[in-house]
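Sequence lines, in order, name chains A and B. The first sequence begins at 26 in our numbering and counts up one residue at a time. The second sequence begins at 26 in our numbering and counts up one residue at a time. As structure tokens, the structure follows; a few thoughts come after it.
Protein chains: 2
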Amino acid sequence: MSGLRERQKADRHRRIIDAATELFREAGYEGAKIEAIAAQAEVSIGTIYNYYQNKGDILGAIVAMEVNEVLNAGQGVVGSPPANVGDALDTLIGIYIEHSLNYLSKEMWRQAMAISTQLPDSAFGQAYTALDRALTEQIRALIARLQEIGLVRSDIDGPAVGELIFNNMNMMFIEFVKRDEAKIPELRAAIRRQNRVVVTAIGV
Amino acid sequence: MSGLRERQKADRHRRIIDAATELFREAGYEGAKIEAIAAQAEVSIGTIYNYYQNKGDILGAIVAMEVNEVLNAGQGVVGSPPANVGDALDTLIGIYIEHSLNYLSKEMWRQAMAISTQLPDSAFGQAYTALDRALTEQIRALIARLQEIGLVRSDIDGPAVGELIFNNMNMMFIEFVKRDEAKIPELRAAIRRQNRVVVTAIGV
DNA sequence: AGGAAAAGTTGAACCAATTCTAAAATTGAG
DNA sequence: CTCAATTTTAGAATTGGTTCAACTTTTCCT
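Right, here's the structure in full:
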């Protein structure tokens, strides 16, 4: 294990991702030519296609890193949530939203979302769907946790509510990245307002 | 008015849309080459680009026809809704979903959605967003109507609830068109289940 | 009718992602 | 150290959407 070949492979992966991240942010997804990414990563075009099936997969790798970080941060909230249904949801969703532009620009998100709906069966499409599902599961886990604590009624349909909340948030996020001038605080406020009716319905 | 030039223009528009609709359904969006659409419509490639800014706009014109039909059909439900909140929502959403595959295949929907997030400022992107907003407004109108009738509490945040319901439905629809094997009845049932908690919260 | 201007049509050329190929370089095993 | 396997490389070929300068057709005016 960990021979020279392995290390070089990992290194090339990293260089490609780093180069792509930088160029995607600078020039946009379309504007970042494969040739330029290859040059910046100091590999040939052929090598890029040896590591990633297509340009979208490179973006996919970056998205996956970002979402996995977010999922990780979300664990903390699910483990010990605020003692109030509205705040608990707001905190978790806040983590998602506040972290969302760390690595990815809005334009990168738009491209990622577009590719995932365009090619749902591609490697990237399936990975993206899995990430969405993981986020849904985390919201469901939060609701289940709140039911255990006794903050949420035990007779409500937790999984359905979790999906409802995720779907609404996700759609709002899609609209958010579609408008460059849209701001995070407004997004959070709008979602909080929408969730209010759900919160009153499911709270004890 | 209605000179030769006008008639030819309308005729070419129609021929292009007809050709594109047929080829998109037969060969898929990507599979339908502009060259083939031009040949089938008996115009040149250049003429297509004179009528539509890009390939996506052709699809956009088809989507707009479909959504406008759906909006029209929805008017009936808003005008005289079923005397029960759950059924009212289910009926309106049912119209949206049942009509959705009349002209457009799932693959065409995927492409349309992808393009609208990819290029939100293009003619197509803006038109698509406007259609989404029109659907949201229709759901809000239904809720307002139900409030008038006294079936929905007057102290709830109607606009926020309408958007919540639309966003959830839309997201479910996106997932639906992403999976070719997904079936309409299951989609409707899942949405009904998610809406249940909202219905109980807003019903008098 | 005649002819100039406006409007529209045409297809060859361009561009960037992707694929393919054959040669060169690198690595690991014996 | 040497050879076979694997990987990288440069560059040519392919492909399909999009652009553009030259050519037609329609309109409109006298």
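Note that the Cβ used here is the ideal one computed from N, Cα and C, for glycine as well.
{"query": "Gly187 of chain B in three-state terms, based on DSSP", "result": "helix"}
{"query": "Beta bridge counterpart(s) of Gly228 of chain B as assigned by DSSP", "result": "B:Val177"}
{"query": "Limits of the alpha helix (DSSP H) - the one that Gly71 of chain B falls within", "result": "70-76"}
{"query": "contact_flag[the segment 80-100 of chain A, the segment 131-146 of chain A] where n(CB pairs < 8 Å) is 3 or more", "result": "yes"}
{"query": "Within 9 Å, strictly: CB atoms of Asn220 of chain B and Ile181 of chain B", "result": "no"}
{"query": "Buried versus exposed, by CB contacts within 10 Å (16 or more), Ala214 of chain B", "result": "exposed"}
{"query": "is_contact[Met90 of chain B, chain A] using C-beta, thresh 9 Å", "result": "no"}
{"query": "Opening and closing residue of the alpha helix (DSSP H) in which Asp146 of chain A lies", "result": "Neither: Asp146 of chain A is in no alpha helix (DSSP H) and is coded neither H nor E."}
{"query": "Integer Cβ distance of Arg231 of chain B from Val229 of chain B, believed to fall under 8 Å", "result": "In this structure chain B extends from 26 to 229, so residue 231 of chain B is not present and cannot be described."}
{"query": "Burial state of Thr225 of chain A, where buried means 16 or more other Cβ atoms lie within 10 Å", "result": "exposed"}
{"query": "Cβ separation of Thr230 of chain A and Gly187 of chain A, assumed to be a contact under 8 Å, to the nearest whole Å", "result": "A query on residue 230 of chain A cannot be resolved here, the shown segment of chain A reaching from 26 to 229 and no further."}
{"query": "DSSP state of Gly56 of chain B mapped onto helix, strand, coil", "result": "coil"}
{"query": "CB contact check: Asn220 of chain B to chain A, cutoff 9 Å", "result": "yes"}
{"query": "Residue burial classification, Glu173 of chain A (beta-carbon count within 10 angstroms, cutoff 16)", "result": "exposed"}
{"query": "Close-in-space but distant-in-sequence residues of the same chain around Leu144 of chain B (CB under 6 Å, 5 per side omitted)", "result": "Gly150"}
{"query": "Gln25 of chain B: contacting residues in chain A (beta-carbon distance under 7 Å)", "result": "Nothing about residue 25 of chain B can be read from this structure; chain B reaches only from 26 to 229."}
{"query": "Exposed unless 16 or more other CB atoms sit within 10 angstroms - verdict on Ile227 of chain B", "result": "buried"}
{"query": "Coarse secondary structure for Pro210 of chain A, derived from DSSP in three states", "result": "helix"}
{"query": "Cβ-Cβ distance between Ala185 of chain A and Val222 of chain B below 9 Å", "result": "yes"}
{"query": "Collapsed DSSP secondary structure at Leu96 of chain B in the structure displayed", "result": "helix"}
{"query": "9 Å Cβ cutoff met for Ala98 of chain A and Ile120 of chain A", "result": "yes"}
{"query": "Rounded separation between Tyr74 of chain A and Glu31 of chain A - CA only", "result": "18 Å"}
{"query": "Chain B contacts from the segment 33-62 of chain A (Cβ-Cβ distance under 8 Å)", "result": "none"}
{"query": "9 Å Cβ cutoff, Met26 of chain B in contact with chain A", "result": "Caution is warranted here: a pLDDT of 47 is assigned to Met26 of chain B, below 50, making its placement in the model unreliable, and the coordinate value is therefore given only provisionally. For Met26 of chain B, the answer is no, since every Cβ of chain A falls outside 9 Å of its Cβ."}
{"query": "For Asn79 of chain A, three-class secondary structure by DSSP", "result": "coil"}
{"query": "Meets three-Cβ-pair contact criterion under 8 Å: the segment 105-114 of chain A and the segment 43-55 of chain A", "result": "no"}
{"query": "Rounded separation between Asp112 of chain A and Gly111 of chain B - CA only", "result": "28 Å"}
{"query": "Inter-residue Cα distance where the pair is Leu167 of chain B and Leu114 of chain B", "result": "8 Å"}
{"query": "Neighbour list for Thr225 of chain A in chain B, Cβ cutoff strictly below 8 Å", "result": "Ala226"}
{"query": "Where the alpha helix (DSSP H) containing Asp115 of chain A begins and where it ends", "result": "110-124"}
{"query": "Where the segment 145-172 of chain B meets chain A: residues whose CB sits under 8 Å from a CB there", "result": "Pro145, Gly150, Thr154"}
{"query": "Minimum C-alpha distance to Lys34 of chain A - residue among A:Thr72, A:Phe49, A:Ala57, A:Glu47", "result": "A:Thr72"}
{"query": "For Tyr153 of chain B, the three-state DSSP class (helix, strand or coil)", "result": "helix"}
{"query": "Under 9 Å between C-beta atoms of Ile41 of chain B and Val68 of chain B", "result": "yes"}
{"query": "Environment of Lys208 of chain B [buried if 16+ CB atoms lie within 10 Å]", "result": "exposed"}
{"query": "Closer than 8 Å at the beta carbon, the chain B residues around Ile181 of chain A", "result": "Val222"}
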